[in-house]
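This report concerns only the one structure given below.
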Amino acid sequence: MTWTIEERSWSDPAGAALRRAQRAELDARYGCDDHEPGGPPSASDIDLFLVACGEAPAVADPAVADPAVAEPPAADPADAVPPAAVPADAVPAGAAGGSGRAASAGGARPGSAPAIGCGALRRLTDHSAEIKRMYVAPGHRGSGVATAILRALEDAAVRRGWTTLRLETGSEQPEAIRFYRREGYREIPLYGVYRGSTISRCFERDLRDR
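Below, the structure written as structure tokens:
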């Protein structure tokens with residue numbers, strides 16, 4: 001499977017559809033629609049939104065994949081890409097390609113490859129940002145695209161001078177917890193709007209250690 005990762009606006013229809021699909025999966029998992037402390041991100045506070053577009057679905061069991069990261073806990077070893085395996089210059093500004101392909105920002109649109117995953121960054125301070133809306137569609141889970149989106153977000157953060165990335169996931173998302181730990185994130189105390197939450201788990205990575 002090959003894919004491209006490109007920067008799009010928060011209002012992009014394909015990206016919005018991915019976010020709605022993620023929301024529906026998480027609502028079903030938590031049994032409610034009130035599982036995001038502090039409220040959802042919006043166009044006014046998201047600094048970067050990336051969308052992955054793929055050409056063919058991966059063979060994976062969506063039942064074992066977490067909707068927030070879309071990588072199964074026992075992915076094929078080929079998908080277990082360590083942080084150092086994707087060099088910083090492999091993802092030019094606004095675009096990245098799976099299997100070594102690069103695409104210009106905004107390249108894939110309706111009529112070409114479908115949108116299969118997404119991820120966003122929200123600035124926290126002058127030196128840190130938060131990962132939001134990491135998601136890959138069920139038919140493409142286990143392909144390695146979640147790792148590729150995460151690496152692209154990290155590269156974009158470095159270009160903006162952000163040395164720390166943080167994120168919040170949930171207690172009912174063990175696959176997400178395993179994924180972020182595998183990708184170099186360490187668990188930290190709850191921060192910001194997540195303080196006091198009974199379901200939140202927070203993680204952080206110092207990008208200077210990549």
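In terms of UniProt numbering, the sequence shown opens at residue 1 and continues consecutively.
Where is the CB? At the ideal position from N, CA and C, for every residue including glycine.
Rounded straight-line distance, which links the Cα of residue j to that of residue i
i           : j           : result
residue 154 : residue 116 : 19 Å
residue 79  : residue 113 : Because residue 79 carries a pLDDT of 33, less than 50, the predicted location of this residue cannot be relied on, and the following value inherits that uncertainty. Their backbone Cα atoms lie some 21 Å apart in a straight line.
residue 159 : residue 127 : 11 Å
residue 14  : residue 172 : 27 Å
residue 152 : residue 122 : 14 Å
residue 30  : residue 133 : 16 Å
residue 169 : residue 8   : 23 Å
residue 143 : residue 183 : 15 Å
residue 47  : residue 130 : 10 Å
residue 194 : residue 35  : 11 Å
residue 6   : residue 180 : 22 Å
residue 189 : residue 208 : 21 Å
residue 164 : residue 25  : 28 Å
residue 196 : residue 146 : 29 Å
residue 149 : residue 176 : 14 Å
residue 75  : residue 39  : Bear in mind that a pLDDT of 37 at residue 75, under 50, signals an unreliable position, so the number given afterwards is only what the model happens to contain. If I take the Cα positions, the gap works out to 31 Å.
residue 124 : residue 187 : 18 Å
residue 45  : residue 12  : 16 Å
residue 178 : residue 210 : 18 Å
residue 23  : residue 141 : 17 Å
residue 174 : residue 161 : 31 Å
Whole-angstrom C-beta distance between residue j and residue i, which should lie under 8 Å
i           : j           : result
residue 118 : residue 49  : 7 Å
residue 200 : residue 37  : 6 Å
residue 191 : residue 205 : The pair is not a contact, with the Cβ atoms about 14 Å apart (cut-off 8 Å).
residue 53  : residue 3   : 6 Å
residue 137 : residue 28  : The pair is not a contact, with the Cβ atoms about 15 Å apart (cut-off 8 Å).
Per DSSP, the bridge partner or partners of residue i
i           : result
residue 122 : 130
residue 200 : 170
residue 49  : 120
residue 54  : 3
residue 113 : According to DSSP, residue 113 bridges with nothing at all.
residue 8   : Looking at the DSSP assignment, residue 8 forms no beta bridge with any residue, so it has no partner.
residue 188 : 202
residue 180 : Its beta-bridge partners do not exist; DSSP assigns none.
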